[in-house]
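Enquirer: My structure is below; once you've seen it, I'll send some questions.
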C-alpha cells in the first residue's frame, strides 16, 4: 500500500468528516473516561447511551426535536444516577443499572408501540460514522472544547472530589456542583459521540483509553494526557483501517483501542505485580 | 493552653457533660446539643463541645462510639439531625482521613495529592512553580524530601500519614482534624506522628483527632474528650483518666496505673485475662 492509497479516501468529504469526528470523539471520550473509570462508573457510558435511546423515543412521541429531547433525557438520567448514589446507600454500578435500563426499556416499549420516530434509530444503536454531517463535526468539536475548558477550570476540585469526595466536601469543595457539572459533560459526551460509535460500542471508547493509561502511569495528569492521545489515535487509526479493510468503523475504532490495551497489559507486568503486592499489604 | 473544667449533670439515664473553657484562644467551633443519625438510631446524642484556637484535643471512645461521626459533624461533612454546629467564618480546615478510607490504587503522586488541596478559587490545572516550591518546603518539613513524584502507595505507613498531613498544611489550615491518625502504625512511627502534631500545635495549629489508643496517644494529649454516643467527660488526662469516666465510656471497669509520671489505663473487668498466663502450653 503506497501513500496515494492511504490518502485516497481523504478525497471524499464524508470520510474527512468521519475522521475529524472519530479523532475528536476518541480524544474526548479518552479524557472524560478517566473520571468515569476512577469513579468506578465504567458502565455509565453504556448505560447512558441506552438511556438516551429512551429519550429519543420519548422525544419522537411528543414531537420534540429528537436530538434535543435525547440530550435533555441523557442529562436528567446522568443527574438522577449521581443523585441516587449520593443520597442512598447503593453503589454507582447498581444505580446505573436501574436508571439506564429502565430508560432503555421505556424507549423499546415506545418504539414497538408507536413505531420508530425516524430512520436514524439504527444509527443511534449501531453508529454511522459515514453519515456524519458537518454539523456533527461542529457538535463534537463544541462538546470537546467545552469538556476541555471545564476540566481545565475545575481540574483540582474535580481531582479532589474524584479521589476523596468526603474530605473534599469537608474542606470546602462544592462537590455536589462538581459532580453535577461532570455528569452534564458526560451526558453531552455520550450524546455527541453516539452518532459515531452507536449505543452498543460507546462504553468501550470511554473506558478502554483510560484503562490503558492507568496501566501505564501512576500520575493523574499523565493519565489524562495518555488517555486523550490513545483515544485520538484509536479514532483516527480505526477510521483509516476500517476504510482500507472494509470493516465497520465503530468496531475498528474499539479494536484499535483494545490493541493498545493488550500491549499495555503484556508490557505492564511489572506495574501489575507491584500493584498486587501493595493491594495485599493493605 | 486551654484550661478546661468539666461539669456533669445526670438527666434520667443519660449523663450529659458540658465543657466550660477559659482560654486565651478564640472560639473556632461550638457544637451544641448535636445529635447525628444515619438511619433511625442516632450515632451521637446531644453532644456539646467547644474547640478553640490552639487546642490539641483527642476524642477517645470504644468502636462505634461515634468518634468519626463527631469529627465529620464538627467539620460540616454531615448535618446534625438536631442541635447546631457553629464554625468561625473563613476558617481554613484540613482533614486527614483514616488510611483505610483511602483508595491507594488511585493514580496520584505525592505532589498531586498535596496540590489538590488548593481547590478553591481560580487555580491553574498544573502546579505552579511557586506552589511546587511550597510543596517541597512542606514535604521537607515533614521528612518527605524527594518523594514528590512517588505514587502514594509506594510509601511506608508513616510517610503515607504525613502526605495527608502535608495536604492539610498546604491549604494553610488553622485547624486540622485527623481520624485515627496512628491506626496501623508501629510504636516508633506513632511517636513520630505524635511529635509532629505537637510541633504543629506549638506553632499555633489547632489539632483535633480521634483515637482508640488510650495509652499510646490519648494520655500524651493536653485535652481528652471521652465519647460514647454522648460526651462522658472532657478535660486534661488527670481529670479524665479516672475509673468512673472510663468505665462509663468503655462499659467496662478500668484500672489506672502511674508509670513514669504518666497514667496508664488497663482493663480491670472480669474478662481482662482472656487467656490465663498460667495456662499449660499445648502438648504439656
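Chains as they are written, first to last, in my numbering: chain A, 1 to 282; chain B, 283 to 566. Glycine included, each C-beta is placed from N, C-alpha and C at the ideal position.
1) Measure the C-alpha to C-alpha separation of residue 351 (chain B) and residue 37 (chain A) and round it to an integer number of angstroms.
2) Starting from the Cα of residue 495 (chain B), find the closest Cα among B:326, B:318 and B:349 and give me that residue.
3) List the residues that DSSP assigns as beta-bridge partners of residue 492 (chain B).
4) Where residue 505 (chain B) and residue 312 (chain B) are concerned, what is the direct C-alpha to C-alpha distance, given to the nearest angstrom?
5) If you measure beta-carbon to beta-carbon, which residues of the segment 363 to 386 of chain B are closer than 9 angstroms to chain A?
6) Tell me which residues of the segment 150 to 161 of chain A have at least one Cβ-Cβ distance to chain B shorter than 8 angstroms, keeping chain order.
7) Going by CA-CA distance only, name the one from A:66, A:149 and A:58 that's closest to residue 104 (chain A).
8) Once the 5 residues before and after residue 17 (chain A) are set aside, which same chain residues still bring their CB inside 6 angstroms of it?
9) Counting contacts by CB-CB distance shorter than 8 angstroms, is residue 78 (chain A) in contact with chain B?
10) If we define contact as Cβ-Cβ less than 8 angstroms, is residue 10 (chain A) a contact residue for chain B?
11) Would you give the residue range spanned by the beta strand (DSSP E) that residue 319 (chain B) belongs to?
12) Less than 8 angstroms between the CB atoms is what I'm expecting for residue 223 (chain A) and residue 34 (chain A), so what's the real figure, rounded?
13) Roughly how far, in whole angstroms, is the beta-carbon of residue 15 (chain A) from the beta-carbon of residue 243 (chain A), given that I think they are within contact range, below 8 angstroms?
14) Between residue 342 (chain B) and residue 460 (chain B), which are expected to be in contact by the criterion C-beta below 8 angstroms, what is the C-beta distance as a whole number of angstroms?
15) Helix, strand or coil: which one does DSSP assign to residue 549 (chain B)?
16) Beta-carbon of residue 93 (chain A) versus every beta-carbon of chain B: anything under 8 angstroms?
17) Use the C-beta contact count for residue 240 (chain A): other C-beta atoms within 10 angstroms, 16 or more gives buried, fewer gives exposed.
18) Which of helix, strand or coil does DSSP assign to residue 305 (chain B)?
19) Following the continuous alpha helix (DSSP H) through residue 380 (chain B), name the residue where it begins and the one where it ends.
20) For residue 46 (chain A), I'd like the list of residues in its chain whose CB is within less than 6 angstroms of its CB, leaving aside the five on either flank, ordered along the chain.
21) Which chain C residues sit within Cβ distance under 8 angstroms of residue 394 (chain B)?
22) Does the distance from the CB of residue 190 (chain A) to the CB of residue 49 (chain A) come in under 8 angstroms?
23) Taking all protein chains shown into account, decide if residue 206 (chain A) is buried (16 or more other Cβ within 10 angstroms of its Cβ) or exposed.
24) Exposed or buried, residue 11 (chain A), counting other C-beta atoms within 10 Å across all chains shown (16 or more means buried)?
25) Is the beta carbon of residue 335 (chain B) closer than 8 angstroms to that of residue 353 (chain B)?
26) Does DSSP put residue 474 (chain B) in a helix, in a strand, or in coil?
27) Does residue 463 (chain B) come within less than 8 angstroms of chain A when only Cβ atoms are used?
28) Rounded to whole angstroms, what is the Cα-Cα separation between residue 192 (chain A) and residue 27 (chain A)?
29) Does residue 477 (chain B) have its Cβ less than 8 angstroms from a Cβ in chain A?
30) Which ranges does the alpha helix (DSSP H) cover as unbroken runs of at least 4 residues, wholly within the segment 502 to 537 of chain B, from first to last along the chain?
31) Determine which residues share a DSSP beta bridge with residue 368 (chain B) and list them.
32) Quick one: does residue 457 (chain B) have its CB under 8 angstroms from some CB of chain A?
33) Counting only beta-carbon atoms, is residue 407 (chain B) nearer than 8 angstroms to chain A?
34) Does the beta carbon of residue 16 (chain A) come closer than 8 angstroms to any beta carbon on chain B?
35) Would you verify that the beta carbon of residue 179 (chain A) is, or is not, closer than 8 angstroms to some beta carbon of chain B?
36) When you compare each of B:411, B:410 and B:443 to residue 462 (chain B) by their alpha carbons, which one comes out closest?
Expert: The structure says:
1) 29 angstroms
2) B:349
3) B:341 and B:461
4) 16 angstroms
5) 374, 375, 376, 377, 378, 379, 381, 382, 383, 384, 385 and 386
6) 151, 152, 153, 155, 156, 157, 159 and 160
7) A:58
8) 132 and 137
9) no
10) no
11) 309 to 319
12) 6 angstroms
13) 7 angstroms
14) Contact doesn't hold; Cβ gap of about 13 angstroms is too wide.
15) strand
16) no
17) buried
18) Annotation note: pLDDT 46 at residue 305 (chain B) (below 50); position unreliable, no value reported.
19) Counting along the chain, residue 380 (chain B) falls outside any alpha helix (DSSP H), and DSSP gives it neither H nor E.
20) 203
21) Here the protein chains are A and B, and chain C is not one of them.
22) yes
23) buried
24) exposed
25) no
26) helix
27) no
28) 13 angstroms
29) no
30) 519 to 522 and 525 to 532
31) B:312
32) no
33) yes
34) no
35) no
36) B:443
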